[in-house]
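The structure appears below as structure tokens.
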Amino acid sequence: MDQITVERPKHIYDGEGLRVKETARLGSFESIFGSWGIPVVVGGEYVNINDTWFFIDEQGNKIKGLNLIDGNLQYFDQTSGAQVKGEYVKNGETTFYFDKDSGNAIPYILEENGKTTAYQAKGQPAGSGFFTDQDKMIYYFDKNGSFVTGMQNIDGKVYYFDEDGYLIKDQIETVKGKAYYSEAGTGKVQRLVSQHIPKQVNSGKAVNSFAAHNGVKTRSIESFETLDGYLTADSWYRPKEILLGGKTWRKSKSEDFRPLLMAWWPSKSIQSDYVNYMIERGIVESNHVFSTTDSWLMLNGAVQTIQIALEKDITLTKSTNWLRQLMHSFIKTESIWNKSTEDVSSDGLQSLQGGFLAYQNSQRTSKANSDYRILGYVPSYIRDHENKGSEFLLANDIDNSNPIVQAEELNWLHYLMNFGSITANDSSANFDGIRVDAVDNVDADLLSIAADYFKDVYHVDENEQTANAHLSILEDWGSDDPQYIYDQGANQLTMDDYFVGQMNSSLENTPGSNDTMARFLQWYLIDRSEDSTDNTAIPNYTFVRAHDSNSQDQIQAAVQAATGGEYGDFTWDQLEQGLKLYYEDQASTSKQYNRYNMPSAYALLLTNKDTVPRIYYGDMYLEGGQYMADKTIYYDTIANLLTSRIKYVTGGQTMAVDSNDILTSVRFGKGAMTVDDKGTEETRTEGVGVIVSNNTSLSLKDDEQVVLHMGAAHCNQTYRAAVLTTTDGVVNYTSDEGAPIAYTDDSGDLIFTNHDLLVNGKDEVNTSVQGYANPEVTGYLAVWVPVGAAAEQDVRTVATTTASTDGKVFHSNAALDSNVIFEGFSNFIFYPDSHDNNTNVIIAKNTSLFKALGFTSFELAPQYRSSGDKTFLDSRIDNGYAFTDRYDLGFGTPTKYGTVDDLRNAIKALHVAGIQAIADWVPDQIYNLPIEELVTVNRTDEEGNQLANSEIHEMLYVANTIGGGKYQKKYGGEFLDLLEIEHPDLFNSVQVSTGKTIDSSVKVDQWMAKYFNGTNILDRGIGYVLRNDDNEYFFVGESNPVQQKLLPGKLEI
């Protein structure tokens, strides 16, 4: 049910009253807004429907566009009327930014061409001075319009700005060895008191007397900051007394906590490092470099001097926030408290985030224990109980063998598939199918759960028409997956990794290093040498590249080369530099970062039988910049092949390779499944022939021929070129007019040689078969189609409603082959420069183009709000795969792709065009949960095997495992009761990995460690949970049979 809130504006102004308000706030109403014709809204009310705000005027209409309401400039989407918040909007030449909370136009900054510029709320340059941006960050811009950095004296007051221009507050900065504090309120800088460490060593009695004051107030847990009773390197405690102002001891109060590491250290080495760090940060002064060779008295005298200095600074600043930051910064310098002791590895999938930690059951961490965590239950393991899969991939790895988690995955799937109905009571904005991410890293039971859902809810097993209206595709790279998926009922489309891999090996490498073209006929999922059957092949989909395959690694390499930075770690400006190099490389014949022969690969992909082709956004449009703003050099060829597919590609197929390793592929047209079939009159204007070579030095002998056996249905027929290769690149012909022609002979053969065809006394240019080297083709490519097809010819086949009786959902036949999926995103799309350039807004505007290109399904980017934790590529570029709250698809403020309203509009527009919307279902991982939890871990590889030489074994560790966000809280488990009533069989199916049914008794409205298999290494180090020299953990909770109370000795004085 919709959740609706109504609010009225606080004040309603008439034009004159508003003019007075605007004059006081922004200047003359007429000069600012009057000339733009912006309406002034009088009366009406705001309405909140499921976290999307609208404004309803007095006539009951949703207002749209720019409006002045209650003296504030606001913007409402032109299509739906949803209020825009947290976005830029362009109005002519002026850009506004609308606050993420109020929706009012506010001052903002823009990064353009590497320069940060400040703008007033009215969209005009802000000029020099202090400036607060849309994220409440404060800058100071000089007279040249550039933000200042470092220490600055402004009007007699000193401030410190970081390297990004942000005014620092409530922090310590060290400048030329001196420590400075920036006030919490104003940011005004003051020099901290620096204490000199005396050379003279105090007596043991004096040192012990000082230390006695630092003893803990009580041994109870209330005197400590702990995690489940255990002390960590970041723990603070309440000492017996506080050295007030660095001078006078007084009894501590309940709020007087201090860092544990101000009074105790695990080793003499760390104690000496602590002293040196505080000298380096300017807290104290000394010319001595402390080390383990210094005496106990000397080190303890030094740390006591540091304590005196810190207490003086606390009194001066009236804050300890800066001290927490300072101490944490010190902690991260020690190897036992950072990733250098976590066995960072680049082996296999560990390369993604450095390595994995598998959670272990332990009485110490009983809240994190699980009866499940059945790892690697992938198709190959189910088949023969050998070769467990790579369970771990990224971030918090979800335990998809846990029946409670399996029920939550079903709940989330239902939410996605009913997104429009649930969030806006609009079924036309629901998704139609899913892409299942990382299939070989999740429990295969999820495929069964998803399959059962689609059968129960959509009845996809009843007939082909229903099945083909709800495509589900798998990212399944495993060689055993296709047969497993087929044996389970062909419930989803498996990936034809054979053909994907062979295109990669035989076409896309540097000339001279490719595999043979003959391998297409030796290593395959589908044998296309004589493919004349329907409903026999394993239903599948194929692609040339994808957002994370043969694209993201190459772009990251170009970014590294262009900037000299670390691989995979870059800013948006650096990405722009890398993309410039990448596209210069794409336009070059000799490529370093791009794959070769994209047109040839697409010519095969889009003419193959028994597969659903998927087209990658980044092969048609530039991967960076604004969505769909610029096209690649391959766009025209791919678009030509797509429209040619609609018009010509059907019937049986043959594929052959000759003695020169030239591949020929022929489709015969509807009604002709073999080369001998004569077909019908319709067949004559259908079919296609493709010639491909990967040899740039290809040179036919005079007596050699390349033959396209177009078949008996096409004897003595005129064909024309659709695609030909030339010295300069690919030439496309989109109609019969002006295209080179050729004639089939009495046998239906098109014959080519090393010379251009001579037809009716005329040379048909570029029709000879030879090797070329240009930015688009290295080798040879030609595509030929029949002349005379009607402009509106459409050879695609409509799926039937005949009942399916073989137990399969999908069937590989002409109807399924008539689908084309568009993977409509790239990882590297920039954030939009205005609301109208949101990805989903642009999608909604271009559905007629997508339909004309023959796209039948649109695979949208993962719409989830990015965690932004920057721990991996996905969360650096906010592509949607790194999320904390997987139910948040852009509520309130936009994701990189837009708001929930933009998403609904895009889905609805796709549906109007007859295009399915495919959601990205990502059941493997959760990023950056906000609450820490104590867990017991082993350091493992991606399969969960203990690393042989790692010290991390049955070790206590602090992981970020609790939380999930506002919408996980709202929607997690929310639909299970309804599903159990309407589809009880979903809850009765026994899952293979556990032998149990899914468990709906617990609603997962927040995540916890017990629902995870483990996590990536988190830069805690092997000693973050503190231990004594006997390897016993310090524990200040209540003693129990598992763990006795144990405090660091110095605190028990």
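Per the numbering used here, residue 439 is the first one in the sequence shown, and the count goes up by one each step.
The C-beta atom is built at its ideal place from N, Cα and C for all residues, glycine as well.
Predicted model, so just to flag it, every value in this text is computed and none were measured.
Burial state of residue i (16 or more Cβ within 10 Å)
{"i": "Val1236", "result": "exposed"}
{"i": "Asp890", "result": "buried"}
{"i": "Asp1048", "result": "buried"}
{"i": "Thr1309", "result": "buried"}
{"i": "Arg629", "result": "exposed"}
{"i": "Ala1228", "result": "exposed"}
{"i": "Glu460", "result": "Low per-residue confidence applies at Glu460: pLDDT is 36, beneath 50, and the placement is therefore not dependable enough to give any value."}
{"i": "Tyr1054", "result": "buried"}
{"i": "Ile1369", "result": "exposed"}
{"i": "Ile1259", "result": "buried"}
{"i": "Ala650", "result": "exposed"}
{"i": "Gln960", "result": "exposed"}
{"i": "Ala1397", "result": "buried"}
Delimiting residues of the alpha helix (DSSP H) encompassing residue i
{"i": "Gly642", "result": "Gly642 to Ala650"}
{"i": "Arg1158", "result": "Run containing Arg1158: none in the alpha helix (DSSP H); it sits in the beta strand (DSSP E), Thr1156 to Thr1163."}
{"i": "Met1393", "result": "Careful: Met1393 lies outside any alpha helix (DSSP H), inside the beta strand (DSSP E) at Met1393 to Ile1400."}
{"i": "Lys1404", "result": "Lys1404 to Tyr1409"}
{"i": "Ala556", "result": "Run containing Ala556: none in the alpha helix (DSSP H); it sits in the beta strand (DSSP E), Lys553 to Tyr557."}
{"i": "Met589", "result": "Not the alpha helix (DSSP H): Met589 falls in the beta strand (DSSP E), residues Gly588 to Ile592."}
{"i": "Asp1023", "result": "Trp1010 to Gln1024"}
{"i": "Trp734", "result": "Trp734 to Thr755"}
Close beta carbons around residue i, own chain, < 6 Å, minus the five adjacent residues each side
{"i": "Asp1340", "result": "Asn1276, Asn1278 and Val1279"}
{"i": "Ala1094", "result": "Thr1102"}
{"i": "Gln590", "result": "Tyr597"}
{"i": "Ile842", "result": "Asp1437 and Val1440"}
{"i": "Ile911", "result": "Arg873, Leu931 and Tyr979"}
{"i": "His1152", "result": "Thr1182 and Gly1186"}
{"i": "His634", "result": "Glu723"}
Spatial distance of residue i from residue j (CA atoms)
{"i": "Glu679", "j": "Phe493", "result": "58 Å"}
{"i": "Met1036", "j": "Val1087", "result": "19 Å"}
{"i": "Ile1419", "j": "Ala845", "result": "14 Å"}
{"i": "Leu1017", "j": "Ser989", "result": "11 Å"}
{"i": "Arg1099", "j": "Lys538", "result": "Correcting the residue type first, residue 1099 is Asp in the shown sequence and not Arg. Distance between the alpha carbons of Asp1099 and Lys538: 60 Å."}
{"i": "Glu723", "j": "Ser632", "result": "7 Å"}
{"i": "Ala1150", "j": "Tyr979", "result": "30 Å"}
{"i": "Lys750", "j": "Leu682", "result": "7 Å"}
{"i": "Tyr438", "j": "Phe662", "result": "Since the displayed the chain opens at 439 and closes at 1491, residue 438 lies outside it and no answer follows."}
{"i": "Leu1394", "j": "Ala806", "result": "11 Å"}
{"i": "Pro920", "j": "Ala975", "result": "11 Å"}
{"i": "Thr1205", "j": "Leu1188", "result": "11 Å"}
{"i": "Ala556", "j": "Val1440", "result": "50 Å"}
{"i": "Gly1508", "j": "Leu1162", "result": "No statement about residue 1508 is possible, as the shown extent of the chain runs from 439 to 1491 and does not include it."}
{"i": "Ser970", "j": "Val1233", "result": "17 Å"}
{"i": "Pro1361", "j": "Glu829", "result": "12 Å"}
{"i": "Gln1143", "j": "Ile1129", "result": "12 Å"}
{"i": "Pro1213", "j": "Asn947", "result": "13 Å"}
{"i": "Ile1179", "j": "Ala1159", "result": "6 Å"}
Start and end residues, beta strand (DSSP E) containing residue i
{"i": "Arg1122", "result": "It is not in any beta strand (DSSP E) - Arg1122 carries neither H nor E in the DSSP assignment."}
{"i": "Trp1222", "result": "Thr1216 to Pro1224"}
{"i": "Arg629", "result": "Val627 to Arg629"}
{"i": "Leu548", "result": "Tyr546 to Glu550"}
{"i": "Val1279", "result": "Unbroken run through Val1279 is the alpha helix (DSSP H), Thr1277 to Lys1283; no beta strand (DSSP E)."}
{"i": "Gln1200", "result": "A quick correction: the sequence has Lys, not Gln, at residue 1200. Counting along the chain, the beta strand (DSSP E) containing Lys1200 begins and ends at Lys1200 to Glu1202."}
Counterpart residues of residue i in DSSP-defined beta bridges
{"i": "Tyr1054", "result": "Glu1261"}
{"i": "Asp1187", "result": "His1147"}
{"i": "Gln1091", "result": "Asp969 and Arg1105"}
{"i": "Trp961", "result": "Trp961 pairs with nothing; no bridge assigned."}
Proximal residues to residue i (C-beta, below 7 Å), its chain only, five neighbours per side dropped
{"i": "Val1428", "result": "Lys1434 and Thr1435"}
{"i": "Leu735", "result": "Val639, Asn640, Gly642 and Val645"}
{"i": "Ala462", "result": "The pLDDT assigned to Ala462 is 33, lower than 50, so where the model puts this residue is not dependable, and the model offers no usable value."}
The ligand MG heavy atom lying under 7 Å from the CB of residue i
{"i": "Met955", "result": "Looking at this structure, you won't find the ligand MG or any other ligand, since it has none at all."}
Beta-carbon contacts of residue i that lie in its chain and below 8 Å, excluding the five residues immediately before and after
{"i": "Leu790", "result": "Leu831, Leu832, Phe1310 and Asn1454"}
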